[in-house]
Structures are given as C-alpha cells and as structure tokens.
Amino acid sequence: MIEGIYRETLTKAVAFSHRHFGKIVAKYGYSIMTRRLGDDDVFFLNWGYEEDPPMNLPLDPADEPERIGIQLYHRVAAQEDLAGKRVLEVSCGHGGAASYVMRTMNPASYTGLDLNPSGIAFCRRKHPLPGLAFLEGDAENLPFPDASFDAVINVEAAHLYPNYTTFLAQVVRVLKPGGHFLYADLRGRDDVAKWESDLAQSGLEVVSCEDINKQVLRGLEKNSKRYQDLINRHAPPPLRRLGRDVGVTEGSPLYEEVERGDIVYRLYNLKKP
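Count the sequence shown with the UniProt record's numbering and you get residues 1 to 273, in order.
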C-alpha cells in the first residue's frame with residue numbers, strides 16, 4: 001500500500017510541477033542537473049526512440065553511445081529536408097541534437113535556445129561548429145524577428161511550458177510562410193483533446209501526426225540501465241530512487257504510464273500557411 005501511495009503521489013507531483021512550475025524546473029532544476037553531471041558528456045536528455053525491427057541509423061562511432069536519443073531527433077528533424085535552411089531548436093538541452101543535425105542534415109544555420117544557463121554554457125563549450133549558435137532564452141518570448149526561420153524543432157519539452165498557446169503563437173511568428181514546426185511531445189491521455197484543440201487553433205496546418213508510444217517505450221527500455229548508472233554516480237543516495245523515477249527508468253511510475261498508454265507520445269509535422 002505504501003508503495004502504491006508513493007507512486008501515485010510522485011506521478012501527481014511530476015504532473016503538477018510540469019503544469020505550474022515549468023520555467024522553474026527548466027531554468028533551475030535542469031541547471032542543477034547539468035552541474036551534477038559534471039564532466040560526463042551527456043548530450044541527449046530525451047526518452048529515446050527505437051523501432052522494431054531496429055532503426056539501424058548509420059552513425060559515426062563518436063555518436064554511437066547516444067544512438068537511442070539521436071534516433072528520436074532524427075525522426076523529428078528528417079520529416080523535412082533541412083539542407084540550406086535556417087533552423088531553430090527551442091529547448092535544446094545539452095545540444096546533442098543541434099550538433100547531430102548540423103553535421104548530418106546540412107542546414108545553413110542552426111540556433112539552439114534554452115532557459116537553462118548552465119546548459120547553454122555546456123553547449124557552447126562542447127559543440128563549437130560553424131553555423132551553430134546557442135542562446136539563453138524563453139520559449140514563450142522567442143528573441144527573434146518575425147519570419148526568421150524555415151523550421152522550428154521542439155522535442156519533449158513543450159509540456160513543461162506554463163503557457164503552451166503562447167509558445168505556439170511564438171512559433172508561428174518566427175516561422176517563414178511555408179515553414180515547418182517539427183515537433184515531438186507527450187500528454188496525459190485526458191489532456192490529448194485539449195492538446196489537439198490548441199494545435200488546431202494555432203494557425204498551423206497538420207502535415208502528419210503519428211503516435212510513437214511503442215517506439216519511445218523501446219527507447220526507454222534501452223536507455224534505462226544507462227540512466228540508472230548516471231543517477232547512481234551523480235545523485236546523493238537519499239535522492240537516487242526519486243532520480244530513477246523522474247528519469248523514467250524501467251519500472252518507474254511514469255514508465256508504467258507510457259506502457260499502459262496513460263501517457264500519449266506523438267510526432268508532428270506542422271506547417272505555417
């Protein structure tokens with residue numbers, strides 16, 4: 001019974017923090033995590049993605065340790081040809097996707113934006129590539145002129161934003177006409193109708209939409225041991241169980257919600273008319 005109460009309380013606490021304290025989590029929670037990871041080069045913070053049969057995406061040897069995280073970003077970004085395009089990633093985390101897309105999809109420029117100052121410092125230090133820039137900034141107040149980008153990428157982050165519709169309005173504003181919003185995110189099953197309604201009212205046209213719960217669950221399975229090892233190395237002992245649960249390792253409450261379908265994970269390609 002105590003175990004059940006713990007799981008229910010954790011799930012509700014995480015959901016509440018995402019809805020009401022998203023910016024605090026993004027700016028300070030992730031900043032603490034970045035500093036705790038220290039010299040561990042963890043470039044991807046997303047849940048991951050794997051197909052059945054395996055995706056077998058060709059990767060450089062240096063990218064191989066981050067395969068599961070890369071595969072999700074590849075599926076998102078490769079929905080459109082980004083060669084020669086100006087690309088913005090909102091909530092770029094530790095910059096692994098920015099580096100990967102810049103090296104393999106040949107955009108003219110790629111800007112990664114994140115609210116986490118420690119994360120932006122990490123990105124600038126670890127990913128010094130021509131045409132790649134990192135800025136600290138707010139997803140709900142993008143610091144760019146109108147019609148600045150051909151594509152905006154956002155992965156597993158917008159559920160943290162307190163004002164999701166404000167974010168969508170900002171995406172529409174900075175996209176050029178005909179530009180694409182390449183997007184993957186999750187919602188509780190009871191929140192999907194509101195999610196769909198917000199997107200329908202944003203002014204963006206849905207080019208494609210795909211539920212990818214099974215692929216994300218396989219990614220979580222493959223990443224689980226690695227995440228547990230990172231948590232055991234970097235989290236103080238009293239916080240390791242909480243870290244494993246928040247990190248969505250195998251058997252955690254959030255993992256089981258994905259497994260049951262109580263969390264819906266989707267891949268979108270949306271277009272500005």
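Note that beta-carbon positions come from the ideal geometry of N, C-alpha and C, so glycine has one too. Just so we're clear, the structure is a prediction, and the values are computed from it rather than from any experiment.
Assumed close pair residue i, residue j - CB separation to whole angstroms, cut-off 8 Å
i, j, result
"L182", "A139", "With a Cβ gap of about 15 Å, L182 and A139 do not count as contacting."
"K101", "F144", "Note that residue 101 is Val in the sequence shown here, rather than Lys. Contact flag wrong, Cβ pair sits at about 18 Å."
"H127", "G95", "5 Å"
"A169", "S91", "Contact doesn't hold; Cβ gap of about 16 Å is too wide."
"L132", "S99", "7 Å"
"R260", "A184", "The pair is not a contact, with the Cβ atoms about 20 Å apart (cut-off 8 Å)."
"G112", "E89", "5 Å"
Through-space distance from residue j to residue i, alpha-carbon basis
i, j, result
"N269", "G93", "21 Å"
"M105", "E136", "24 Å"
"Y161", "L115", "11 Å"
"D41", "N223", "15 Å"
"P53", "P117", "39 Å"
"Y164", "S197", "12 Å"
"H159", "W47", "14 Å"
"L129", "D63", "15 Å"
"S17", "L254", "Bear in mind that the predicted position of S17 carries a pLDDT of just 43, short of 50, making it unreliable; the figure below should be weighed with that in mind. Their Cα atoms are separated by approximately 14 Å."
"V76", "L82", "11 Å"
"E250", "V206", "33 Å"
"V155", "F149", "17 Å"
"V248", "A121", "26 Å"
"A200", "I153", "18 Å"
"S252", "V258", "10 Å"
"D262", "L45", "22 Å"
6 Å Cβ shell around residue i - same chain, five flanking residues per side excluded
i, result
"V87", "P107, Y110 and A151"
"R124", "F134"
"Y28", "Summary for Y28: the model assigns pLDDT 44, below 50, so the residue's position carries little reliability; its value from the coordinates is reported in the next sentence. Excluding residues within five positions, none has a Cβ falling inside 6 Å."
"S208", "N269"
"Q71", "Y49, M55 and L57"
"L142", "Q170 and V174"
"A147", "K176"
"F43", "E66, H94 and G96"
"residue 332", "Residue coverage of the chain in this structure runs from 1 to 273, which leaves residue 332 outside it and unanswerable."
Beta-carbon proximity list for residue i, same chain, < 7 Å, skipping 5 on both sides
i, result
"V264", "L186, R187, R189, V192, D211 and N213"
"V172", "S202, G203, L204 and K272"
"A26", "Here the model assigns A26 a pLDDT of 49, short of 50, so the residue's position is not dependable, and the following value carries that caveat. Excluding positions up to five away in sequence, the list reads L115, N116 and L160."
"Q215", "Y49, E50 and E51"
Beta bridge counterpart(s) of residue i as assigned by DSSP
i, result
"G188", "I263"
"L45", "For L45, which the question treats as bridged, DSSP gives no partner whatsoever."
"L270", "F181 and V206"
"R86", "S109"
Close beta carbons around residue i, own chain, < 8 Å, minus the five adjacent residues each side
i, result
"A78", "M105"
"L59", "R67 and I70"
- Query: If you scan the UniProt domain "Methyltransferase type 11" (88–182) from start to end, which runs of the beta strand (DSSP E) of 3 or more residues do you find wholly inside it?
  - Reply: 109–114, 132–136 and 149–155
- Within the region 194–225, note down every full beta strand (DSSP E) run reaching 3 residues or more, in order along the chain. DSSP runs (the beta strand (DSSP E)) wholly in the region 194–225: 205–211.
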